[in-house]
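Chemist:
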Amino acid sequence: MFRFRPSRRMVLAGLSTFAPIAGLRSARASQSSHDHWRMLAEDVRAQMAWAWRNYVERAFGQDQIKPVSGGAEPFFFPGGPPMGLTIVEALGTLHVMGLDAEFAEGATWIERNLTFDIDGEVQVFETSIRMLGGLLSAWRASGNARLLGLARDLAARLMPAFAMSPTGMPYRFVNLRTGAVRDPVSFPAEIGTYIAEWGTLSRATGDGRFYDVAKRAAKALFDRRSKLDLVADTINVETGEWQSRRATIGPPTDSYFEYLWDGWQLFGDPDFRHWYDVHAAATVRQQAVIADGRLWFAQVDFETGERLDHHQSELAAFFVGLLAQGGDMAHARAYMASWADVQARYGLLPEGFDFAKFAPDRVSNALRPEFADSCLSLFLLDCDDHWRQLAACHYEWMKKTSRAPFGFTVIDDITANPARQGDLCPGYWWSEQMKYYWLLFSNTGRFDYRRNYLSTEGDILLGFRK
Ligand code: DMJ
Numbered sequence: 002m003f004r005f006r007p008s009r010r011m012v013l014a015g016l017s018t019f020a021p022i023a024g025l026r027s028a029r030a031s032q033s034s035h036d037h038w039r040m041l042a043e044d045v046r047a048q049m050a051w052a053w054r055n056y057v058e059r060a061f062g063q064d065q066i067k068p069v070s071g072g073a074e075p076f077f078f079p080g081g082p083p084m085g086l087t088i089v090e091a092l093g094t095l096h097v098m099g100l101d102a103e104f105a106e107g108a109t110w111i112e113r114n115l116t117f118d119i120d121g122e123v124q125v126f127e128t129s130i131r132m133l134g135g136l137l138s139a140w141r142a143s144g145n146a147r148l149l150g151l152a153r154d155l156a157a158r159l160m161p162a163f164a165m166s167p168t169g170m171p172y173r174f175v176n177l178r179t180g181a182v183r184d185p186v187s188f189p190a191e192i193g194t195y196i197a198e199w200g201t202l203s204r205a206t207g208d209g210r211f212y213d214v215a216k217r218a219a220k221a222l223f224d225r226r227s228k229l230d231l232v233a234d235t236i237n238v239e240t241g242e243w244q245s246r247r248a249t250i251g252p253p254t255d256s257y258f259e260y261l262w263d264g265w266q267l268f269g270d271p272d273f274r275h276w277y278d279v280h281a282a283a284t285v286r287q288q289a290v291i292a293d294g295r296l297w298f299a300q301v302d303f304e305t306g307e308r309l310d311h312h313q314s315e316l317a318a319f320f321v322g323l324l325a326q327g328g329d330m331a332h333a334r335a336y337m338a339s340w341a342d343v344q345a346r347y348g349l350l351p352e353g354f355d356f357a358k359f360a361p362d363r364v365s366n367a368l369r370p371e372f373a374d375s376c377l378s379l380f381l382l383d384c385d386d387h388w389r390q391l392a393a394c395h396y397e398w399m400k401k402t403s404r405a406p407f408g409f410t411v412i413d414d415i416t417a418n419p420a421r422q423g424d425l426c427p428g429y430w431w432s433e434q435m436k437y438y439w440l441l442f443s444n445t446g447r448f449d450y451r452r453n454y455l456s457t458e459g460d461i462l463l464g465f466r467k
């Protein structure tokens, strides 16, 4: 079951150096390019260290910092105890950046304070990708068995969401202490985004139950696909009946597709590979749309293929990297070109985009990482500096618009001049884009660029180096 395969982000060839192909550029140009990326990488690292210090001084142990006011915001339990979400999400990034004192500071907080024996409900999906993934990544980075123990304890507490379900597709909420479950109406991402973390946990502990429930949930969803090989975006996990007809690559479906590929790449499970191939082919066949020469993926009726709208969520930009990892470089490049055009036109990517009008239909930006995520996936495949340049532009826009007195914040309106800031740094900022920028620009020895795996939350589950 746990045969190793190269990561979905593995390099295909020649990654011993990031320098351009010998003979194509002068040694001088190479040196100046090398210096450019090194300086940018150092800047990313300095911004991370600065943001971490602000979090430690203002909100240490809280789930999320409010970087404008310097306050804090809960993520799991409004009005209840925090679970140090930012610390758990940041650890892998701190480690791969070589911020070892900061890593130790965070790990110590976790060892002393983090407990999951809480009489409160958590959302199973978010808790799994963020807390379970973060703990597993920190354990992989440090070898600290206490972190693995916490991860195992957390997964055991989430397990009733799967075990109580007649279909094997998890309920959305579970009480961490009592195991009581709630809310059978769920979504593909919340049903099928488990195999990377739960499979890693099975591999680490020898307890195959974690892998098995994650796979069973994904299979239950796949088995309910339409004759067009599409899934809709809402389903009742008790009855197995669809509650909507809308197929999308964006939320709330997005990472279901990602983890089908990952189940194959990380564990060599051919069922996952088959499920991915079936859905990827159907998506390209039924949802690909060319508008004004650009490629997009429309929402369609999952049974008839009828096109529903012209909306594209920013989160759908992750699909570039997934297409590339799945071997469809042509569509990956074309879809990235569409998003790059949005970046060139608007600077910051809006939360939602109308591709028929080539204009935002949601003007906020929740400090999203998907564009940078896809830049990294592409770069790991072909080492083309073009992806680094796109990511550098993404980084500079973030620095220009999101930097606040105590960290980096979401944007309420990207079309205002200057962009209007909100007041929140989401947990994923710490585990995703800062890590992607760093890996793209630094050529760090802390990361194995040939053999690695990053989860949907950017957690490194394979590929840390000393
Ligand atoms: C992250 O929590 C994960 O990437 C998830 O899969 C969906 N998107 C958010 C960040 O936008």
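Just so you know, we're using the working numbering here: the sequence shown kicks off at 2 and counts up by one. The beta carbon of each residue, even a glycine, is placed where N, CA and C say it ideally should be.
Could you give the first and the last residue of the continuous beta strand (DSSP E) run that contains W297?
Modeler: R295 to F298
Chemist: I412: beta carbon under 7 Å from a heavy atom of ligand 1?
Modeler: Flag unset: Cβ of I412 not near ligand 1.
Chemist: Starting from Q48, follow the alpha helix (DSSP H) in both directions and report where the run begins and ends.
Modeler: A28 to A60
Chemist: Out of A317, V214, F61 and R210, which one is the CA nearest neighbour of I192?
Modeler: V214
Chemist: Leaving out five residues before and five after F320 in sequence, what residues of the same chain have Cβ atoms less than 7 Å from its Cβ?
Modeler: I250, F298 and Y336
Chemist: Please report the distance separating the alpha-carbon of P406 from that of D272.
Modeler: 49 Å
Chemist: According to DSSP, what are the bridge partners of Q422?
Modeler: I412
Chemist: Whether or not the stretch 80-93 and the stretch 127-136 are in contact is what I'm after, with contact meaning three or more pairs of Cβ atoms, one per stretch, closer than 8 Å; do they touch?
Modeler: yes
Chemist: Hey, out of T206, E112, C394 and W199, whose CA is closest to A219's CA?
Modeler: W199
Chemist: For a test of the three-state rule: what should DSSP assign to G459, helix, strand or coil?
Modeler: coil
Chemist: Would you mind sorting I291 into buried or exposed? The rule is 16 or more other CB atoms within 10 Å of its CB.
Modeler: exposed
Chemist: Can you tell which of A392, A345, A333 and D414 has its C-alpha closest to the C-alpha of S365?
Modeler: D414
Chemist: Is it the case that the Cβ atoms of F174 and E239 are separated by a distance below 8 Å?
Modeler: no
Chemist: Do F448 and G464 count as a contact pair if the criterion is CB distance below 8 Å?
Modeler: yes
Chemist: Report the rounded CA-to-CA distance for G294 versus K358, giving the unit in angstroms.
Modeler: 13 Å
Chemist: In angstroms, rounded to a whole number, what distance separates the CA positions of K67 and N418?
Modeler: Cα-Cα distance, rounded: 22 Å.
Chemist: For the beta strand (DSSP E) that contains P361, what are its first and last residues?
Modeler: A360 to R363
Chemist: Following the continuous beta strand (DSSP E) through H312, name the residue where it begins and the one where it ends.
Modeler: H312 to S314
Chemist: Under a three-way DSSP split, which group does V285 fall into?
Modeler: helix
Chemist: Could you have a look at G353 and say whether DSSP puts it in helix, strand or coil?
Modeler: strand
Chemist: Residue range of the alpha helix (DSSP H) that N114 falls in?
Modeler: D101 to N114
Chemist: Return yes when the Cβ of H395 is within less than 8 Å of the Cβ of Q344, no when it is not.
Modeler: Taking C-beta atoms as the reference points, Q344 and H395 count as a pair closer than 8 Å.
Chemist: Beta carbon of E433: closer than 7 Å to some heavy atom of ligand 1?
Modeler: yes
Chemist: If you drop the 5 nearest sequence neighbours on each side, which residues of the same chain put their C-beta closer than 6 Å to that of L316?
Modeler: G251, P252, D255 and E371
Chemist: Please list, in chain order, all residues of the same chain as E304 whose beta carbon is under 6 Å from its beta carbon, the five residues on each side excluded.
Modeler: S227
Chemist: Taking 8 Å as the CB-CB cut-off, is V186 touching chain D?
Modeler: This model lacks chain D altogether; it includes just one protein chain.
Chemist: Can you give the Cα-Cα distance for R451 and D383, rounded to whole angstroms?
Modeler: 12 Å
Chemist: Please confirm whether N428 and Q65 have their CB atoms less than 8 Å apart.
Modeler: The sequence given here has Gly at residue 428, not Asn. Contact flag set, yes.
Chemist: Name, in chain order, the residues that DSSP records as bridge partners for R308.
Modeler: For R308, which the question treats as bridged, DSSP gives the partners V301.
Chemist: Does the Cβ-Cβ distance between L133 and L155 come in under 8 Å?
Modeler: yes
Chemist: Figure out for me which residue from Q390, R389, A392 and W431 has the closest Cα to the Cα of F409.
Modeler: W431
Chemist: In the DSSP assignment, what are the bridge partners of V175?
Modeler: V123 and V182, per the DSSP bridge assignment.
Chemist: A197 and S403: beta carbons closer than 8 Å?
Modeler: Contact check for A197 against S403 fails: the beta carbons are separated by 8 Å or more.
Chemist: For Q65, write down the residues that DSSP places opposite it in a beta bridge.
Modeler: Note: Q65 sits in a beta bridge opposite E74.
Chemist: How about D460: is its Cβ closer than 7 Å to a heavy atom in ligand 1?
Modeler: no
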